[in-house]
Amino acid sequence: MATFNRLVSWFQDEPDLSRFVFADQCFINENFPNFHVASYKYNAVKTLRSAHPATWNMEEVKNVHFILTKPWDVDPTDPGQGEVPFLDLYKIWWATRDSNAPRLVVVISQSYHKS
Numbered sequence: 644m645a646t647f648n649r650l651v652s653w654f655q656d657e658p659d660l661s662r663f664v665f666a667d668q669c670f671i672n673e674n675f676p677n678f679h680v681a682s683y684k685y686n687a688v689k690t691l692r693s694a695h696p697a698t699w700n701m702e703e704v705k706n707v708h709f710i711l712t713k714p715w716d717v718d719p720t721d722p723g724q725g726e727v728p729f730l731d732l733y734k735i736w737w738a739t740r741d742s743n744a745p746r747l748v749v750v751i752s753q754s755y756h757k758s
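Residue numbering for the sequence shown follows my numbering, starting at 644 and increasing by one per position.
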């Protein structure tokens, strides 16, 4: 609770929150200066692939961070939507969702029926 209270006080005392361009990231960086950054592969921003293609290695990526357009807002089977940047990543998301859907239903169902 001490950390929470310190963070709340920090927010209340901060005179200019607009200085944080990326609010959550800047907040974490300022309040946790000894924080160790995990490799990009654990939170690979989808745009990294285009911005830094030499860095992106899909075989290493464990989690894709879908900033901007979300895969669940794109129908990968609709040819009428035209050119869709990152469509291949969206298709991976849909395939993963579809392959896990039956298992997720069981897990959710079991969590509601625990005695």
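Here a beta-carbon is modelled for each residue, glycine too, at the ideal position from N, C-alpha and C.
Specify the secondary structure class of residue i as computed by DSSP and reduced to three states.
{"i": "VAL707", "result": "strand"}
{"i": "ALA666", "result": "helix"}
{"i": "VAL688", "result": "strand"}
{"i": "ASP741", "result": "helix"}
{"i": "GLU673", "result": "helix"}
{"i": "ASP659", "result": "coil"}
If I measure Cβ to Cβ from residue i and keep anything under 6 angstroms in the same chain, skipping five residues before and after, which residues do I get?
{"i": "TYR733", "result": "PRO714, VAL717, PRO719"}
In or out: residue i buried (at least 16 other Cβ within 10 Å) or exposed?
{"i": "ARG740", "result": "exposed"}
{"i": "ARG649", "result": "exposed"}
{"i": "VAL707", "result": "buried"}
{"i": "ARG692", "result": "buried"}
{"i": "PHE729", "result": "buried"}
By Cβ distance below 7 angstroms, which residues in the same chain neighbour residue i in space, the five residues on each side in sequence not counted?
{"i": "VAL704", "result": "LYS684, ALA687"}
{"i": "ILE671", "result": "PHE678"}
{"i": "TRP737", "result": "PRO714, PRO719"}
Kindly indicate the opening and closing residues of the alpha helix (DSSP H) around residue i.
{"i": "TRP715", "result": "Taken as a continuous stretch (DSSP letters only), TRP715 belongs to no alpha helix (DSSP H), as it is neither H nor E."}
{"i": "SER652", "result": "645-656"}
Cα separation between residue i and residue j?
{"i": "THR646", "j": "SER661", "result": "23 angstroms"}
{"i": "PRO676", "j": "CYS669", "result": "10 angstroms"}
{"i": "TRP653", "j": "SER742", "result": "44 angstroms"}
{"i": "PRO696", "j": "GLU702", "result": "13 angstroms"}
{"i": "GLU746", "j": "ILE735", "result": "At residue 746 the sequence reads Arg, which differs from the Glu that was named. Each residue's Cα considered, the two are about 17 angstroms apart."}
{"i": "ILE834", "j": "LYS689", "result": "Nothing about residue 834 can be read from this structure; the chain reaches only from 644 to 758."}
{"i": "ALA744", "j": "ASP731", "result": "20 angstroms"}
{"i": "VAL680", "j": "ASN700", "result": "18 angstroms"}
Could you pull out every residue in the same chain whose Cβ sits closer than 8 angstroms to the Cβ of residue i, ignoring the five residues on either side in sequence?
{"i": "THR698", "result": "TYR683, LEU691"}
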